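There are 2 protein chains.
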Amino acid sequence: MTDQITVSIDGMGGDNAPDMIVGGLDLAVKKIGNVRFLLFGDEAKLSPLLAQYPAVAAVCEIRHTTDIVTNDDKPTAALRSGKNSSMRLAIDAVKDGEASAVISAGNTGALMAMATIVLRMIPGISRPAIAASFPSQTGECLMLDLGANIECDAENLVQFAVMGEVYARNVLGMSEPSIGILNVGVEVLKGNESVKKAAQILQNSNLPVKFYGFVEGDDIGKGTVDVIVTDGFTGNIALKTAEGTARMFAYYLRDALTSSIFSKLGAIIAKGAIDRFRNHFDPRRYNGAMLLGANGVCVKSHGGTDAIGFANAVEVGVNLVRRNVTELIKEDLAHLMADDLEQPSKTAAE
Amino acid sequence: MTDQITVSIDGMGGDNAPDMIVGGLDLAVKKIGNVRFLLFGDEAKLSPLLAQYPAVAAVCEIRHTTDIVTNDDKPTAALRSGKNSSMRLAIDAVKDGEASAVISAGNTGALMAMATIVLRMIPGISRPAIAASFPSQTGECLMLDLGANIECDAENLVQFAVMGEVYARNVLGMSEPSIGILNVGVEVLKGNESVKKAAQILQNSNLPVKFYGFVEGDDIGKGTVDVIVTDGFTGNIALKTAEGTARMFAYYLRDALTSSIFSKLGAIIAKGAIDRFRNHFDPRRYNGAMLLGANGVCVKSHGGTDAIGFANAVEVGVNLVRRNVTELIKEDLAHLMADDLEQPSKTAAE
C-alpha cells in the first residue's frame, strides 16, 4: 500500500468554491484512496458541506480563515495583504512540511507569486511556468507556460524548455521528448525577439534537449512535438482557444445528431463510440496544471471547473508527489546544467 | 448582370503553387462568373496548367515573371529585391487600376509590406491588419490581426477595433457589432500594457464602438462578441490552434465512427447530418483573409490550402470589390474620426 499523502486545499479559490471544492474532494478521495486533506477556508461555509460528504469529513481537517484572494487582486496586493488567505495558508502548509502538495482553483497570478515567494524556486530556474497536457492526434502534448508569466524573455523560454523536457521524461514517461517553440511560422526569421533568441540558444546549446525548432498553433493538435514552449500570454490564449473550439465542435455535433430522425437513430446505434469520443475531449480530464519550477508541488485548477475537474487536479497533485517529481526535476536540472557548463570547455580544448 | 471584375493573382505564392492556384481559379470562375484574371508568374509553368483548364484560359492573361518571393524572405528583402516578383507585380496591377483586387497565398509579411507601400494605407490607419471570420456557436466572429503585425501597441489595437467594427457592419451585415480585446482574463488588471491601454482608450473614447471589454480564448468559439481584436502574434497562433483543434476533433470523430460495426452502421444512417457538420468546419470555407487598412482590396490565402480553399479566397476578394468595401471603410472611418475629434471639445465646453 502506498504511503498516505497529505494535500493542502485552498477551499475558497475558484468560481464555484467552496461547493465544487468539497464535491471534488469527495470524488478524489474515493478514487485515489489513502489521502488526507488540510482544507483552508471559512469554517462556517465548509462545515455544512463536509456534513454532506462524510467520506471527505473522515480524512479532512478544516483550517479556518475568512481571508480570501479574489480574481481582481493584483499579485503584489495578494502577497502584501493576503498572508491569512486560504490560498496563502494552503501554500504555507507545504513549506512547513505539513502537506506534500497544494491545490488551488483561485487567482493564477497570486498563486504563482505566493508559491514562488513561499516555496522558492528550483535552483537554476528564475520564473515558474504553468504546464499542462493537451490531447493531440498522436496522444498528448505538454505545453508551458499557460499563464504564469505575461511576458517572457529568451532565457525564460529556454528554462521552460529544460523543465518541460525533464517533466515529459519523468512524469509522462517519454523516452526522448522533442521540444518546439510556438511561433507564427516555422521559418527562422519569423516571430518576436524572445522566440528567435530562445531558438538560437536551444539550437546551439549543449543541453541534451531534442530541439525540433518552431511549431505553429495547429501543431498542438497534430502532436508534432512532445513539449511546446511559449510565453504565458500566448499559451493561455492557445489553451482557451483549443478548449473553446472543442466545446463549439461538441455543440454542433450534438446539434447535427439531433437534427433528423435518421441522425437520431444513427446516434443511438453509434452511442458507445460517440460517448468515448466525447469523453476523450472532456476538458475536465485535462484539468490540473503544475506550477513547474517551484520547489514543491503546487497544482492550479481551472477557476471555472466543477467537482469532476477539481478532483482531477487533486489527482494530478497526488501523482506528482507519488512520482517524486520535484526532486527528479531538481536532480536532472543539476545534471543538465553541469553538462552544459562542461561541454563548451571540452569543445574549446579539442 | 454585375460588372466584370478583374482580379490579379500571385501565381507563384503558396505551398502548392502554381497547380492549386490555377485549379482554384477554375473553381472560382465557374462559381463567380463574369470575372477576369491577370495571372503573374512563370509562363513555362503556368501555360501547361492553363491548357488543362480551358475555363480559366478563356478569361486569363498571363503576365510573365520568373522572380518569386519565398517564405524565407524577410519583408524588407522582398521589398528591396522583389520588384519583379509575381507578388509585387500582382499588387502593382491594383495600384495601376488594371485590377480591382489582388489575391496571394505567399509570404504574409512580404505581402503586408508590399501592399502597405504600394497601395498605401487608408487615412487614419497606421498599420494594416489581417482579418478573417471564425465559426462560433452563435454564427461567426471576425478576428484581427491574424499575423500582419508581430507586435502591436495600444494605438494599433484601437485602430483594429475601429476597422473591425466598420467591416463587420458593412460586409458582414451586423447592425451594432460588439468588440472585445483578446486577453488572458476578463478582469481589468490582467494582460500586457498594450491590451490594458487599448481597453482604457476604447472605454473612455467617444468613438461609437460598442466595446464589450476583454474576452478570453474560449470566447472565440462561444461567439461572445462579434469582433475580436488582438496582436498578430497571438491572433495567428489562436487561428491556427483553432484550426488544429478542429482537425484533431474531426480525426477522432472519424476514428470513433469506424471503430465498430455499430458505429459504422450508425454513421451510415446519420451520414447526411455528419456530412453537413463536417462541411461547417471545413477550414477551406474560411480561407481568404482581407488585409484591412490597405487602400485597395488585398486578400491573403492560407499558404497550405488547396484549390477549393484558394477559390474561396478569390471569392472573398470579388465580394469585397462588389460591396465597395474599401470606400465604405474610408467613409465610415472619416466620420468616426470626425466624431471623435468633435466630442471631447464639446465635453470640455460643457
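Residue numbers (the numbering used here), protein chains in the order written: chain S, 302 to 651; chain F, 302 to 651. Ideal Cβ placement from N, Cα and C applies to all residues, glycine included. Model, not experiment: these values are computed from the prediction.
Step through the CB atoms of chain F and report whether any lies within less than 8 Å of the CB of Ser437 (chain S). yes
Name the residue from S:Ala571, S:Phe341, S:Asp556 and S:Leu558 whose alpha carbon lies nearest to the alpha carbon of Ile562 (chain F). S:Ala571
Looking at the secondary structure, which residues open and close the beta strand (DSSP E) in which Ser405 (chain S) lies? Ala402 to Ser405
Separation of Thr559 (chain S) from Ser646 (chain F), as counted between CA atoms: Low confidence applies to Ser646 (chain F): its pLDDT is 38, below 50, so where it sits in the model is not reliable enough to give any reading.
Relative to chain S, which residues along the stretch 537-557 of chain F have a C-beta separation below 7 Å, given in chain order? Asn537, Ile538, Ala539, Leu540, Lys541, Thr542, Ala543, Glu544, Gly545, Thr546, Ala547, Arg548, Met549, Phe550, Tyr552, Tyr553, Leu554 and Ala557
State buried or exposed for Ala359 (chain F), treating a residue as buried only when at least 16 other CB atoms are found within 10 Å of its CB. exposed
Contact between the stretch 398-415 of chain S and the stretch 368-376 of chain S is defined here as three or more beta-carbon pairs at a separation below 8 Å; is this criterion met? yes
Reduced DSSP category for Pro319 (chain S) - H, G, I as helix; E, B as strand; rest coil: coil
Could you name the residues of chain F that Glu517 (chain S) contacts, counting a contact when the two beta carbons are closer than 9 Å? Asn537, Ile538, Lys541, Thr542 and Gly545
Near Asn457 (chain S), what residues of its chain come up, given a Cβ to Cβ distance below 6 Å and the 5 sequence neighbours on each side ignored? Arg428
Consider the Cβ of Ser382 (chain S): report whether some Cβ of chain F lies at a distance smaller than 8 Å. no
Sub-8 Å separation of Gly522 (chain S) and Ser437 (chain S) beta-carbons: At a Cβ-Cβ threshold of 8 Å, Gly522 (chain S) and Ser437 (chain S) count as neighbours.
Suppose only complete runs of 3+ residues qualify. What are the beta strand (DSSP E) ranges in the stretch 570-632 of chain F, listed by chain order? 590-593 and 598-601
Let me confirm a value: Thr439 (chain F) is counted as buried when at least 16 other C-beta atoms fall within 10 Å, else exposed. Which label applies? exposed
Is it right to say Ala394 (chain F) is buried, meaning 16 or more other beta carbons lie within 10 angstroms of its own, or is it exposed? buried
Counted within 10 angstroms of its Cβ, other Cβ atoms place Leu642 (chain S) as buried (16 or more) or exposed: Reliability of the predicted coordinates at Leu642 (chain S) is poor, the pLDDT of 48 falling under 50, and the value obtained from them is presented with this limitation in mind. Exposed, because fewer than 16 other Cβ atoms sit within 10 Å of the Cβ of Leu642 (chain S).
Range of the contiguous alpha helix (DSSP H) that encloses Met549 (chain F): Gly533 to Leu558
Going along the chain, which residues of the stretch 362-391 of chain F sit with their C-beta nearer than 8 Å to a C-beta in chain S? Those residues of the stretch 362-391 of chain F that come within reach of chain S (Cβ to Cβ, closer than 8 Å) are Asn372, Asp373 and Lys375.
Would you grab the beta carbon distance between Asn652 (chain F) and Gly448 (chain F) for me? Rounded to a whole angstrom, and I think it's under 8 Å. Residue 652 (chain F) lies beyond the stretch modelled for chain F, which goes from 302 to 651, so this question has no answer here.
DSSP state of Leu634 (chain F), grouped into three classes? helix
Can you tell me which of S:Val330, S:Ala318, S:Gly315 and S:Ile322 puts its alpha carbon nearest to the alpha carbon of Gln305 (chain S)? S:Val330
Pairwise C-alpha distance: Thr525 (chain S) and Asn493 (chain S): 22 Å
Is the Cβ-Cβ distance between Ala612 (chain F) and Arg579 (chain F) less than 8 Å? no
In whole angstroms, what is the alpha-carbon distance linking Ser476 (chain S) and Arg470 (chain S)? 6 Å
Does Ile310 (chain F) come out as helix, strand or coil in the three-state DSSP assignment? strand
Where does Gln353 (chain F) land, buried or exposed, given buried means 16+ other C-beta within 10 angstroms? exposed
Does the stretch 415-429 of chain S come close enough to the stretch 508-517 of chain S that 3 or more CB-CB pairs lie under 8 Å? no
Less than 8 Å between the C-beta atoms of Ala411 (chain S) and Asp454 (chain S), yes or no? For Ala411 (chain S) and Asp454 (chain S), no; Cβs fall outside 8 Å.
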